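Chemist:
Residue numbers (the UniProt record's numbering): 1 to 100.
Right, here's the structure in full:
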């Protein structure tokens, strides 16, 4: 299921794309789409999202840490709650919810 088209149940059809963080969530979707079998480790996801958005304007270590924190605490739990992805924070596995 495309992340940008997933709607919240009973919440007047608010889509993930309407969220202010949709650019980063679209990057998550792109990484999962590119991944073999639609799943990656948390660390791989962080690295690939970081690579897609890092412009060289900030400290690379700090930027990667911000990406990791945002994915771990905000984006992945939210996308999992919306059934757009399957996310296991204990094992560190992230996959699209389509089961491909």
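Note that CB positions come from ideal geometry on N, CA and C, so glycine has one too. Every value quoted in this text rests on a predicted model; they were computed, and no experiment measured them.
1. Under 8 Å, do residue 50 and residue 63 count as touching if we go by C-beta distance?
2. In the DSSP assignment, what are the bridge partners of residue 23?
3. Check whether the segment 84 to 96 touches the segment 53 to 61, counting contact only when three or more Cβ pairs, one atom from each stretch, lie closer than 8 Å.
4. What does DSSP give as the partner residues of residue 39 in its beta bridges?
5. Which residues in the same chain as residue 32 place their Cβ atom closer than 6 Å to its Cβ, once the five residues preceding and following it in sequence are excluded?
6. Out of curiosity, what's the CA-to-CA distance linking residue 23 and residue 36?
7. For the beta strand (DSSP E) containing residue 87, name the first residue and the last one.
Modeler: Looking at the atomic coordinates:
1. yes
2. DSSP, once it has assigned bridges, lists no residue as partnering residue 23.
3. no
4. 95
5. 38, 96
6. 22 Å
7. 85 to 88
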